[in-house]
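The block underneath contains the structure these notes are about, expressed in structure tokens.
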Amino acid sequence: QKLTFSLKDKGRLGIDLSPWYDRYGYEDGMMITRIEPGSRVDKDGQLAVYDQIVEINGISLNKISFERSQEVFFDSLNGSNLHLVMQPLSPPPTPEITPTLRKQTI
1 QKLTFSLKDK GRLGIDLSPW YDRYGYEDGM MITRIEPGSR VDKDGQLAVY
51 DQIVEINGIS LNKISFERSQ EVFFDSLNGS NLHLVMQPLS PPPTPEITPT
101 LRKQTI
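All residue numbers for the sequence shown refer to the numbering used here, where the first residue is 1 and numbers rise by one.
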């Protein structure tokens with residue numbers, strides 16, 4: 001699923017991001033863990049909790065750390081549009097494969 005958000009509208013997107021872990025427990029990009037009610041993302045309605053962000057503005061998040069994923073995300077906020085490629089996650093991660101979540105609110 002490809003989505004574009006205009007960054008001309010100032011204000012937070014209203015999402016919490018946490019590391020996404022592959023089936024072996026290694027960080028592999030990021031996922032949405034919360035959508036703030038009434039936020040831009042909530043009103044848009046195209047994203048859901050547990051969706052995995054696999055690409056940001058043409059940069060793949062495959063096999064990169066959460067910290068690097070955050071850098072890519074924040075660098076992307078300096079442009080006029082935010083282009084995301086999303087992968088819905090089904091079922092949600094289980095405690096056995098998801099270590100303690102660290103999150104970043106954006």
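Ideal placement from N, C-alpha and C gives every residue a C-beta, glycine not left out.
Give me the Cβ distance between residue i and residue j, rounded to the nearest whole Å; I'm assuming they're in contact under 8 Å.
i	j	result
Glu-115	Leu-61	Any answer about residue 115 is impossible in this case: the structure gives the chain only from 1 up to 106.
What do you reckon, are the CB atoms on residue i and residue j nearer than 9 Å?
i	j	result
Asn-78	Phe-5	no
Gly-14	Val-41	yes
Ser-65	Pro-19	yes
Ile-32	Ile-53	yes
Lys-2	Val-72	no
Tyr-139	Pro-88	Nothing about residue 139 can be read from this structure; the chain reaches only from 1 to 106.
Leu-47	Met-30	no
Any heavy atom of the ligand ZN closer than 8 Å to the Cβ of residue i?
i	result
Tyr-21	Among the components of this structure there are no ligands whatsoever, and the ligand ZN is therefore not found.
Per DSSP, residue i is paired with what?
i	result
Glu-27	Tyr-21
Arg-34	Asp-16
Gly-52	A quick correction: the sequence has Gln, not Gly, at residue 52. In the DSSP output, where bridge partners are listed per residue, Gln-52 has Met-31 and Gln-87.
Lys-2	Val-85
Query raised in the report: Which runs of the alpha helix (DSSP H) fall wholly inside the region 57-82 and span at least 4 residues, in chain order?
Result: Within the region 57-82, the complete alpha helix (DSSP H) runs of at least 4 residues are 66-76.
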